[in-house]
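Everything on this sheet refers to the single structure shown next.
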């Protein structure tokens, strides 16, 4: 018999003895030492890397917990404190022809520290000799150089790279520059060469702040910055009737419960024997791949999973779809995204390392994942920071098609045109940049919103598009130099405005 939500005990360490509907972590698991410092409390980290680490701990392999550094207002520290870092991961989907419905109590998180309020505690973590790994996911706009960032171990730097350098500086001092005190650093932000980019920014910040040469050498040599990618659709918090039903069945209240698909991949590029030894949790998880080169995994995931989302997100929202599953239930949308992937994207993705067959098999699995009836993956969440996603995921495909075939792909161009229309905003009285999508106002959550707004103050749409495409602050190059792109995009934008038809054949 299910309990009412008001009757449920809150999930916490002391209440574990009352939970009997799923395995609970032992006291041994709950008292493992902290071995991982994680920047970010987001659902992707909790739904994939933290899941793998928790699974390894329960197999007696990695034997280390995670201390999280939180920098945003999302996911209150109070929730983690009240629940002693415990949360439920609900996995739903199909695997090898079988329907999987699995709930697990994750005990990998030891505590969550607020960077703003508990910086001294963060610095104390640098003194822990058992700490060996740093993981991050600060979104695509997190790994950037803030030239004004002041590196200090006593006050909080503004940027994520700044915080990381400050932490490593404290560790360098704590262990007197011992090489063995270096960390394995694994950013999971979805940008190319994320480990290399983060390392270069950290070195530049250290040099700009005139930190001692010994530290800079230690930063370069003792720490292993690993490129990585994560691939799992984590829909986020389980809310409403669905959340109430699961909590009622499990017998406890969980404010941090999240839902994900079953499929998962964490590919980590590492060649040093010491690094592979540190990442022992890979032994307990077939979804963790540690290899000398992960470009093949990155290319397929970025272009066959993420790019289709980004090309179609505005189109989907314009059609009134709230979730990916809802859109996939519409025959016109399903046909559009299928043709986008199989007729346009795959032929660009294929190279010496990725055969057409491999790409098609991966793409077919992607479409099945999009159809997962258990995952409420909201388009509005996918739309956040869309400009950086267009840059990383979509522009390389458009350029690749032009380079390979001297032609512009029609559906990709339609997706780019829809994005450009979406970035035409008005500022409301709270200072939000409001997009007008089929007479529905939506807040444009995008680091480039102000810049795009300024471009749209041009005398005409044609002029605004010219400004946007040629802005190197947006694209790191002048996109007007792509033969025929400006004219093709304007043609599609005019067609969308005239016919209000976002899913034309």
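In full-length UniProt numbering, the protein residues as written are 1 to 505.
Ideal placement from N, C-alpha and C gives every residue a C-beta, glycine not left out.
Quick check for students: name the residue ranges of the beta strand (DSSP E) that lie wholly in the stretch 430 to 466, counting only runs of 3 or more.
Entirely contained in the stretch 430 to 466, the beta strand (DSSP E) runs reaching 3 residues are, in chain order, 433 to 437 and 440 to 443.
Sequence-distant residues of the same chain with beta carbon closer than 7 Å to residue 363, five excluded per side
Taking the first residue of the chain shown as position 1, residue 363 is located at position 363. Closer than 7 Å at Cβ, skipping near neighbours: 304, 341, 342 and 346.
So, are the CB atoms of residue 177 and residue 187 less than 8 Å apart?
In the chain shown, counting from the first residue as 1, residue 177 sits at position 177. In the chain shown, counting from the first residue as 1, residue 187 sits at position 187. No, the pair does not count as a contact, with Cβ atoms beyond the cut-off.
How do the stretch 30 to 49 and the stretch 80 to 89 stand: do at least 3 beta-carbon pairs fall below 8 Å, yes or no?
Contact between the stretch 30 to 49 and the stretch 80 to 89 is present, because at least three Cβ pairs lie under 8 Å.
6 Å CB neighbourhood of residue 505 in its chain, flanking five on each side removed
If you number the chain shown from 1, residue 505 lands on position 505. With a pLDDT of only 39 at residue 505, under the threshold of 50, the placement of this residue in the model should not be trusted, and no figure is reported.
According to DSSP, simplified to helix, strand and coil, what is residue 237?
Position 237 of the chain shown, counted from the first residue, corresponds to residue 237. Of the three classes helix, strand and coil, the one that applies to residue 237 here is strand, per DSSP.
Are the CB atoms of residue 253 and residue 16 within a distance shorter than 8 Å?
Position 16 of the chain shown holds residue 16. Position 253 of the chain shown holds residue 253. Between residue 16 and residue 253, the C-beta spacing is not below 8 Å.
When you compare the stretch 290 to 298 with the stretch 217 to 234, are there three or more beta-carbon pairs, one atom per stretch, that lie closer than 8 Å?
Using a C-beta cut-off of 8 Å, the stretch 290 to 298 makes contact with the stretch 217 to 234, since at least three inter-stretch Cβ pairs fall below that distance.
Nearest to residue 36 (by Cα), restricted to the options 109, 22 and 306:
Along the chain shown, read from residue 1 onward, the residue named residue 36 stands at position 36. Shortest Cα-Cα distance from residue 36 to any of 109, 22 and 306 involves 109.
Let me make sure I understand the geometry here. Which of 373, 149 and 221 has the alpha-carbon closest to that of residue 99?
Along the chain shown, one-based indexing puts residue 99 at 99. When only C-alpha atoms are compared, the closest one is 373.
N- and C-terminal bounds of the alpha helix (DSSP H) containing residue 19:
If you number the chain shown from 1, residue 19 lands on position 19. For residue 19, there is no enclosing alpha helix (DSSP H), as DSSP marks it with neither H nor E.
Just to confirm the assignment, what range does the beta strand (DSSP E) spanning residue 99 have?
Walking along the chain shown from the start, residue 99 turns up at place 99. Start and end: 98 to 106.
For residue 426, name the three-state secondary structure that DSSP assigns.
Here the question's residue 426 lines up with position 426 in the chain shown. If DSSP states are grouped into helix, strand and coil, residue 426 belongs with the strands.
Nonlocal neighbours in the same chain, by C-beta distance under 7 Å from residue 146, ignoring five residues either side:
Taking the first residue of the chain shown as position 1, residue 146 is located at position 146. Only residues of its own chain outside the window of five on either side were considered, and among them 158, 159 and 162 have a CB closer than 7 Å to the CB of residue 146, listed in chain order.
Note down the Cα distance separating residue 103 from residue 425, rounded to an integer number of angstroms.
Along the chain shown, one-based indexing puts residue 103 at 103. Along the chain shown, one-based indexing puts residue 425 at 425. Each residue's Cα considered, the two are about 42 Å apart.
According to DSSP, is residue 65 helix, strand or coil?
The count along the chain shown starts at 1 and reaches residue 65 at position 65. Three-state result, residue 65: strand.
With a cut-off of 8 Å, do at least 3 Cβ pairs link the stretch 192 to 212 to the stretch 403 to 422?
Counting C-beta pairs closer than 8 Å gives fewer than three between the stretch 192 to 212 and the stretch 403 to 422, which falls short of the contact rule.
Going along the chain, which residues of its own chain have a beta-carbon closer than 6 Å to the beta-carbon of residue 122, five neighbours each way excluded?
Start at 1 with the first residue of the chain shown, and residue 122 comes out as number 122. Its chain contains 69 and 113 as the residues whose beta carbon lies nearer than 6 Å to that of residue 122, once the 5 sequence neighbours on both sides are disregarded; these appear in chain order.
For residue 457, count the other beta carbons within 10 Å of its own beta carbon; 16 or more makes it buried, fewer makes it exposed. Which is it?
Against the chain shown, residue 457 aligns to sequence position 457. Classification of residue 457: exposed, given that the 10 Å Cβ count is below 16.
Spatially closest choice to residue 264 from 39, 49 and 350, by CA coordinates
Position 264 of the chain shown holds residue 264. Residue 49 is the option with its Cα nearest to residue 264.
In the DSSP output, which residue or residues are listed as bridge partners for residue 114?
Within the chain shown, residue 114 is the residue found at index 114, counting from 1. Residue 114 pairs with 70.
What residues in its chain sit with their C-beta under 6 Å from that of residue 445, if we drop five residues either side in the sequence?
Along the chain shown, read from residue 1 onward, the residue named residue 445 stands at position 445. 384.
Run the CB neighbour count on residue 277, radius 10 Å, all protein chains shown included, and call it buried at 16 or more, exposed below.
As a working mapping, residue 277 is identified with position 277 in the chain shown. The residue is exposed, with fewer than 16 neighbouring Cβ atoms inside 10 Å.
If you draw a straight line from the C-alpha of residue 471 to the C-alpha of residue 281, how long is it?
In the chain shown, residue 471 corresponds to position 471, counting from 1. In the chain shown, residue 281 corresponds to position 281, counting from 1. Cα to Cα, the separation comes out at about 44 Å.
Quick check on the DSSP output: what are the complete alpha helix (DSSP H) runs of length 4 or more inside the stretch 354 to 434, in order along the chain?
Along the length of the stretch 354 to 434, whole alpha helix (DSSP H) runs at least 4 residues long occupy 356 to 370, 379 to 382, 386 to 389, 395 to 405 and 410 to 422, reported in chain order.
From the DSSP output, in three-state form, read off residue 331 for me.
Position 331 of the chain shown, counted from the start, is the residue given in the question as residue 331. When DSSP states are grouped into helix, strand and coil, residue 331 belongs to the helix group.
Using the rule of at least 16 other Cβ atoms within 10 Å of the residue's Cβ for burial, across every protein chain shown, is residue 376 buried or exposed?
As a working note, residue 376 is residue 376 in the chain shown. In this structure residue 376 is buried. Its beta-carbon is surrounded by 16 or more other beta-carbon atoms within 10 angstroms.
For residue 487, report the span of its alpha helix (DSSP H) as first-last.
The residue given as residue 487 occupies position 487 in the chain shown. It spans 485 to 499 - the alpha helix (DSSP H) in which residue 487 sits, taken as one unbroken run.
So, for residue 378: in the same chain, excluding its five sequence neighbours on each side, which residues have a beta-carbon less than 7 Å away from its beta-carbon?
The residue labelled residue 378 in the question sits at position 378 within the chain shown. Excluding residues within five positions, the ones whose Cβ falls inside 7 Å are 322 and 323.
The alpha helix (DSSP H) spanning residue 300 covers which residue range?
Sequence index remark: in the chain shown, residue 300 carries index 300 (1-based). Segment 295 to 301, the alpha helix (DSSP H) holding residue 300.
Using only the alpha-carbon positions, how far apart do residue 369 and residue 170 sit?
To locate residue 369, count along the chain shown from 1; it is residue 369. To locate residue 170, count along the chain shown from 1; it is residue 170. Roughly 43 Å between the two C-alpha positions.
Could you tell me the alpha carbon to alpha carbon distance between residue 237 and residue 428, rounded to whole angstroms?
Taking the first residue of the chain shown as 1, we reach residue 237 at position 237. Taking the first residue of the chain shown as 1, we reach residue 428 at position 428. Roughly 29 Å separates the two Cα atoms.
Exposure of residue 93, with buried meaning 16 or more beta-carbon neighbours within 10 Å
Here the question's residue 93 lines up with position 93 in the chain shown. If you draw a 10 Å sphere on the C-beta of residue 93, you find 16 or more other C-beta atoms in it, and that means buried.
Residue 1, DSSP secondary structure in three states:
Against the chain shown, residue 1 aligns to sequence position 1. Only weak support is given to the placement of residue 1: the predicted model assigns it a pLDDT of 42, under 50, and the value that follows is read from those uncertain coordinates. DSSP places residue 1 outside both helix and strand once states are collapsed to three, so it counts as coil.
Since residue 465 and residue 420 are thought to touch, with beta carbons under 8 Å apart, how far apart are those beta carbons, to the nearest angstrom?
Taking the first residue of the chain shown as position 1, residue 465 is located at position 465. Taking the first residue of the chain shown as position 1, residue 420 is located at position 420. A Cβ-Cβ distance of about 6 Å is found for the pair residue 465 and residue 420, placing them in contact under the 8 Å criterion.
Using a 10 Å radius around the Cβ and a threshold of 16 neighbouring Cβ atoms, would you call residue 25 buried or exposed?
In the chain shown, counting from the first residue as 1, residue 25 sits at position 25. Buried, by the Cβ-count rule.
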